[in-house]
Amino acid sequence: MANTSAKKIASQNEAALKNLLYGQILANLVPFLVRLLYRALGRGTSIKIWILSAIATGISQFIYGRLAALGKPRRDANGMVVSAGADLNQPGVTEWMFDVLYISWAAQVGSSIMGEWVWLLYLAIPVFVVYKAWGFIGPLIMPQSRPAEEEVPMEPLSKRQEKLKKRSERGDPRVKMQQRRA
């Protein structure tokens, strides 16, 4: 029997997976129908675009399948939650999978409606990967030089010591510098 937290995660995952399913269907169906409409109107689509669409569909289907496998809760015969599945709201790789899925959907739908230049959205994925990898690899390739050793700040002076220091700097004869014996 699962605790309240597992039940909450299971319900959140089920809602997220339901939304992902609707998004997956729309993101794959809308471009297909729009391109068929273009074809019916005499504005055909090149084979290159159909191949790009098939690749984008494959990528989005693969990621959707992984997210569904990760987040699907398992239930027993009575419908009680046995396992909530992985939390789909967690940061990290799961979050990046959602980002790639959304970029894929945007490229598919956008390219069919706004033009083929929208496929350039896919360039955001490797750029982001390089950005994240540079955080790990950059310091290994180009180690940062250490700054010159700064002077160690001395202990703060009391008000009396500050007064005496100022007097000695002015050359006041009342102040005699005494050497401490170690």
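Its first residue numbered -13, the sequence shown is counted upward by one per residue in this note's numbering. For each residue, glycine too, the CB sits at the ideal point set by N, CA and C.
In the structure shown, S69 falls within a strand segment according to DSSP collapsed to helix, strand and coil. In the three-state reduction of the DSSP assignment, R60 falls in the strand class, which pools E and B. In this structure, DSSP gives N14 a helical state, which the three-state scheme calls helix.
Contact between S46 and W91 holds, with the beta-carbon distance rounding to 6 Å and staying under 8 Å. Under the 8 Å Cβ criterion, the region 45 to 63 counts as touching the region -6 to 7, having at least three qualifying pairs.
Distance check between L53 and each of N14, L106, T31 and E81 places E81 closest, using alpha-carbon atoms only. A Cβ-Cβ contact shorter than 8 Å links I49 with L87. By the beta-carbon neighbour count (other beta carbons within 10 angstroms, threshold 16), A1 is exposed.
In the three-state reduction of the DSSP assignment, M83 falls in the helix class, which pools H, G and I. Here DSSP, grouped into helix, strand and coil, assigns S(-3) to helix. The beta carbons of Y108 and A93 sit closer together than 8 Å.
Counting only the Cα atoms, A26 lies some 34 Å from F84.
Within the same chain, V67 and A70 come within 7 Å of A(-8) by CB-CB distance, once the 5 residues on both sides are set aside. A straight-line Cα-Cα distance of about 26 Å links G124 and L106.
DSSP places T31 outside both helix and strand once states are collapsed to three, so it counts as coil.
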